[in-house]
Amino acid sequence: MSETPKLLLEKDGPIGWIVFNQPEKRNAVSLDMWQLMPDYVKDLQSDDAIRVVVLRGAGDQAFVAGADISQFKERRRNMADQEEYSRISERGQSSLGTLTKPLLAMIHGYCVGGGVGIAIGCDMRIASDDARFGIPAARLGLGYHYKGMEKLMKLVGPAYTKEIFFTARTDFSAQDALRMGLVNQVVPKAELESFTRNYAQLTLRSAKATVEQLVRPDGDRDLPLLDKLIADCFNSQDYQEGVKAFSEKRRPQFQGR
-9 MSETPKLLLE KDGPIGWIVF NQPEKRNAVS LDMWQLMPDY VKDLQSDDAI RVVVLRGAGD
51 QAFVAGADIS QFKERRRNMA DQEEYSRISE RGQSSLGTLT KPLLAMIHGY CVGGGVGIAI
111 GCDMRIASDD ARFGIPAARL GLGYHYKGME KLMKLVGPAY TKEIFFTART DFSAQDALRM
171 GLVNQVVPKA ELESFTRNYA QLTLRSAKAT VEQLVRPDGD RDLPLLDKLI ADCFNSQDYQ
231 EGVKAFSEKR RPQFQGR
């Protein structure tokens, strides 16, 4: 019998789920998870039926509680090992950034270290009220890559970035994270999945592309692409369904076409 993968790919209607599946270790991320990630992302990107991708953790204790430290002795013994480890993990994480479809993080329990790094790479973060956040790199003597720090700083600003790293706390609450700007929404744990599913149904792919263009300098923006996205929306079946549903006072049944 083959072992269940530590990273799962699931599809449910228009939503694609990538599940960190190591609940006995609070879904700590191992190299084999990162090795699977690019293939899963490619699958979801090419599947026209999938309109939104959601990252989640298995079990009820954690989203992702950092890197799998049990692999450090074998896979991160020295700088040469670290470079190989980083190459594999960065390839996996950067693949998430190639998704043109909206990417949500559904966070419950512990979201620590690398878990925060994964979450801040998403377009939105929805957390349950039991979520706990932190980056304990200072306790482990780890150097944190500047790219990850830059992403965090763009979300929460320099002052909160320093507080997170200087204190190395792992008990920032969901409300702390909301106040910092680290998460977009906080909901009761019992409502987390239903809220995320409903949110995912309303997420617009064109909005993601538009925001990504607008944060670029004026001269680097692909304005013809934005014009095309707007035209595609008005020419789509989903637009016709949206207008009809609005007039009928019901939730639209979008098909991504």
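Numbering of the sequence shown is given in my numbering, commencing with residue -9 and proceeding in unit increments. A virtual CB, placed ideally from N, CA and C, is assigned to each residue, including glycine. Small disclaimer: the values here were computed from a predicted structure and weren't measured.
By DSSP, does residue i sit in helix, in strand, or in coil?
| i | result |
| --- | --- |
| V173 | coil |
| D2 | strand |
| A95 | strand |
| G124 | strand |
| L89 | coil |
| A158 | coil |
| R240 | coil |
| R81 | helix |
| I40 | coil |
| G47 | strand |
| S163 | strand |
| R187 | helix |
| R129 | helix |
| S118 | strand |
CB-CB under 6 Å to residue i, same chain, minus the five flanking residues each way: which ones, in chain order?
| i | result |
| --- | --- |
| L45 | I8 and A95 |
| A164 | A117, D119, A121 and V176 |
| F185 | V177 |
| R159 | G124 |
| G107 | G138 |
Measuring straight from C-alpha to C-alpha, what distance separates residue i and residue j?
| i | j | result |
| --- | --- | --- |
| P176 | D119 | Contrary to the premise, residue 176 reads as Val rather than Pro in this sequence. Straight-line Cα distance between these residues: approximately 6 Å. |
| P4 | D210 | 32 Å |
| V42 | D161 | 30 Å |
| M143 | A39 | 34 Å |
| D22 | Y75 | 11 Å |
| P126 | R115 | 20 Å |
| L145 | D2 | 30 Å |
| R206 | G138 | 19 Å |
| K152 | L172 | 14 Å |
| A109 | I97 | 8 Å |
| N174 | L86 | 19 Å |
| G6 | G56 | 23 Å |
| K179 | D212 | 40 Å |
| V19 | S237 | 47 Å |
| D58 | F10 | 12 Å |
| L182 | R81 | 29 Å |
| I154 | K91 | 30 Å |
Mind checking residue i: buried by the 16 CB within 10 Å criterion, or exposed?
| i | result |
| --- | --- |
| Q83 | buried |
| R122 | buried |
| R16 | buried |
| G147 | exposed |
| D37 | exposed |
| D29 | exposed |
| K239 | exposed |
| D166 | buried |
| F156 | exposed |
For residue i, collect the residues of the same chain with a Cβ closer than 7 Å to its Cβ; drop the 5 residues on either side in sequence, then sort them by chain order.
| i | result |
| --- | --- |
| L26 | P(-5) and L(-3) |
| C112 | L45, L93, L94 and A95 |
| P13 | A48, G49 and Q51 |
| L168 | V176 |
Which same chain residues, not among the five before or five after residue i, have their C-beta less than 8 Å away from its C-beta?
| i | result |
| --- | --- |
| T88 | V31 and Q35 |
| I78 | L21, W24 and Q25 |
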